[in-house]
Amino acid sequence: MKMLINGKLIDKDEKIAVLNPFNNEIVDHVPQGNREDVKNAINAANKAKKSMQAMSSRKVSRILYDIHQELKEKSKEISKLICLETGKPIRDSKIEMDRSLQTLLMAAEEAKRIYGETVPMDAAIAGKNVFGFTMKIPLGVVAAITPFNYPVNLAMHKLAPALAAKNTVVLKPSSKAPLASLKMAEILAKHLPDGAVNSVTGGGEILGDAMVTSPLVNKISFTGSIPTGVSIAQKAGMKKLTMELGGNDPMIVMDDANIDVAVTAAVSGAYLNAGQVCMGVKRIILHEKIADQFTDQFVSSTRKLKMGDPMDPDTDIGPLIDEEAAIHVERVVDDAVGNGAQLLCGGRRKGAFYEATVLDNVHEEMELVKKETFGPLSPIIRVKNLNEAIRVANNTQYGLQAGVFTQSIENAKIAVNQIEAGSVLINKQPTFRTDNMLFGGFKMSGMGKEGVKYAVEDMTRSKMVIIG
Ligand code: NAP
224 MKMLINGKLI DKDEKIAVLN PFNNEIVDHV PQGNREDVKN AINAANKAKK
274 SMQAMSSRKV SRILYDIHQE LKEKSKEISK LICLETGKPI RDSKIEMDRS
324 LQTLLMAAEE AKRIYGETVP MDAAIAGKNV FGFTMKIPLG VVAAITPFNY
374 PVNLAMHKLA PALAAKNTVV LKPSSKAPLA SLKMAEILAK HLPDGAVNSV
424 TGGGEILGDA MVTSPLVNKI SFTGSIPTGV SIAQKAGMKK LTMELGGNDP
474 MIVMDDANID VAVTAAVSGA YLNAGQVCMG VKRIILHEKI ADQFTDQFVS
524 STRKLKMGDP MDPDTDIGPL IDEEAAIHVE RVVDDAVGNG AQLLCGGRRK
574 GAFYEATVLD NVHEEMELVK KETFGPLSPI IRVKNLNEAI RVANNTQYGL
624 QAGVFTQSIE NAKIAVNQIE AGSVLINKQP TFRTDNMLFG GFKMSGMGKE
674 GVKYAVEDMT RSKMVIIG
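Its first residue numbered 224, the sequence shown is counted upward by one per residue in my numbering.
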């Protein structure tokens, strides 16, 4: 596939091979872009601002509906690309594509709902006989930098709200899985003025740096790891930032919880996309009274998961994004076991595959618990009461989402008030998101919010208008 700059597909002699992590076969190549390409893309986006801003909201909305129609027709082809380039099971790749379409549709609706507000000027001493109101206006050029794990929907969460608010965009997808999002961006661009949607491919350090430091970029919308996010924030200067970063989400199960429901939730939350989900269940915190029962059922359900070819519709767990990622997971598990954790199931690697793994007797100082590990791992921590569970849940630099299973409204209220996370879910695993809900972490997990309505809001700035 090619880059897209100012409405034209751009290739390069130097290319990056995109590999299928299941069999290491080359799925396709993308150009190895450079700083000059980024500059051209940003200049094109800057030039296209005028045409985007001249469009009526009604027209922008209608175009987004048209794009939705075309994208829907290509949805099977793009789902297959997601599966091939990431190793995500085809069943889940299709769900990602359905969600991306829904995200786009929500943005088409939201494009017609960008309201300012009236300010009661005469509430202040100088405001008598003065009218005042705010207008929400576009920011200009948005740089969107995205990770490998949900390549289409996470890019859609940036591009669709940016366009709904009449901005122009430059997308830089992950070099590990750029294909499906490039295809999506091409379809978006076809319906809009040249330069309104651009995409560049190449290593994040060089391309990302060129995007982040450009004076023509008004906003950076980044989803990815904490170290990359921090480095972007340090270079960004006065640009508006949205940072959707890593998570280490806890799932607490209290002694009054419905254990069957909690086990099913934990299995789906811990192993979705082989654990490569920012809001995956990454720490399971169990009340000691139900810990044995939960663990027995959880291990038995974990053992039933089918690992294999991601294109097989029955596959639950595919490979990790590459062998290096699986080797990292292997090292983290070996380190935990070496330090006293008990391996209850899984624990073996084959190439880029890593088995769904449950570990008991885990301590808070282990890397497995302290840091986000992007793999199908379930560390179990046993606690005596809710206070201890919340202390453990909060004992981390992360704060994306948190799940609490309890039948007690009092427990739920305490958890909602005391857990430091962007979302607290009661009787639902933290690996849950609808594309319209407010989403974004506390602490090092991020700043700014997504979720279509909130993202559209964040893609605008407010201008005060006063009529004397
Ligand atoms: P990553 O390594 O941080 O990469 C993310 C993107 O940043 C890629 O496009 C990468 O490009 C680019 N990049 C790398 N270095 C850069 C730099 N110095 N300046 C600008 N851009 C740079 O993350 P990942 O491994 O792809 O994704 C996994 C991480 O994303 C996990 O931590 C996960 O929790 C997080 N995540 C968060 C959310 C959320 O909504 N909170 C959602 C999904 C994932 P190249 O890879 O091409 O070099």
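Glycine included, each C-beta is placed from N, C-alpha and C at the ideal position.
- Of the other Cβ atoms in all chains shown, fewer than 16 fall within 10 Å of the Cβ of alanine 277; this residue is therefore exposed.
- Under the criterion of beta carbons closer than 8 Å, threonine 309 and proline 374 qualify as touching, at roughly 7 Å.
- For glutamate 248, the three-state secondary structure derived from DSSP is coil.
- Within the same chain, Thr369, Pro374, Val375, Ala378, Leu394, Pro396 and Ser422 come within 8 Å of serine 404 by CB-CB distance, once the 5 residues on both sides are set aside.
- For the ligand NAP, no non-hydrogen atom lies closer than 6 Å to the CB of isoleucine 550.
- Excluding five sequence positions before and after methionine 466, the CB atoms of its chain that fall closer than 7 Å to its own CB belong to Phe445, Gly452, Ala456, Gly669, Met670 and Gly671, given in chain order.
- For the options Pro438, Val392 and Asn247, the alpha carbon positioned closest to that of alanine 268 is the one of Val392.
- DSSP lists Ser646 as the bridge partner or partners of glutamine 624.
- The continuous alpha helix (DSSP H) containing glutamine 520 extends over residues 511 to 526.
- The three-state secondary structure of alanine 366, taken from DSSP, is strand.
- In its chain, beyond the 5 residues on either side, Asn471 have a beta carbon closer than 6 Å to the beta carbon of threonine 619.
- In this model, lysine 462 and glutamate 319 are separated by some 30 Å (Cα to Cα).
- A straight line joining the alpha-carbon of serine 279 with that of leucine 287 spans about 13 Å.
- CA-CA distance, lysine 527 to leucine 495, rounds to 14 Å.
- Burial check for threonine 629: the Cβ neighbour count within 10 Å reaches 16 or more, so the residue is buried.
- Look at serine 284 here: in three-state DSSP terms it is helix.
- For the region 335 to 419, the full-length beta strand (DSSP E) segments reaching 3 residues or more read 354 to 361, 364 to 368 and 391 to 395 along the chain.
- Rounded to whole angstroms, the gap between the alpha carbons of glycine 427 and alanine 400 is 13 Å.
- Note that the C-beta distance between alanine 485 and threonine 525 is not below 7 Å.
- In terms of Cβ geometry, alanine 433 and valine 261 form a close pair [threshold 7 Å].
- The C-beta distance from glutamine 624 to methionine 502 rounds to 5 Å, short enough to fall under 8 Å.
- Approximately 11 Å separates the beta-carbon atoms of glycine 622 and proline 653; this is outside 8 Å, ruling out the contact.
- If the five residues before and after glycine 563 are omitted, its C-beta is found closer than 8 Å to the C-beta atoms of Asn584 and His586, all from its own chain and listed in chain order.
- For glutamate 611, the shortest C-beta to heavy atom distance toward the ligand NAP is 6 Å or greater.
- If you check the C-beta of phenylalanine 655 against the ligand NAP, you find no heavy atom less than 6 Å away.
- According to DSSP, lysine 225 shares a beta bridge with no other residue.
- In the three-state scheme derived from DSSP, where H, G and I count as helix and E and B as strand, threonine 309 is classed as helix.
- Only buried fits lysine 389, as 16 or more other CB atoms lie within 10 angstroms of its CB.
- Distance from the CA of valine 253 to the CA of lysine 413, rounded to the nearest whole angstrom, comes to 19 Å.
- At least one heavy atom of the ligand NAP sits closer than 6 Å to the Cβ of proline 370.
- Here leucine 232 is bridged, per DSSP, to Leu227.
- Between the ligand NAP and glutamate 578, a heavy atom-to-CB distance of less than 6 Å is absent.
- With a cut-off of 8 Å on Cβ pairs, the region 594 to 607 is not in contact with the region 635 to 644, counting fewer than three such pairs.
- Residue pairing by DSSP puts tyrosine 577 in a beta bridge opposite Arg572.
- When C-alpha distances from alanine 548 are compared across Arg281, Met358, Phe576 and Thr538, the shortest belongs to Phe576.
- Taking 6 Å as the cut-off, one finds at least one heavy atom of the ligand NAP near enough to the beta carbon of serine 398.
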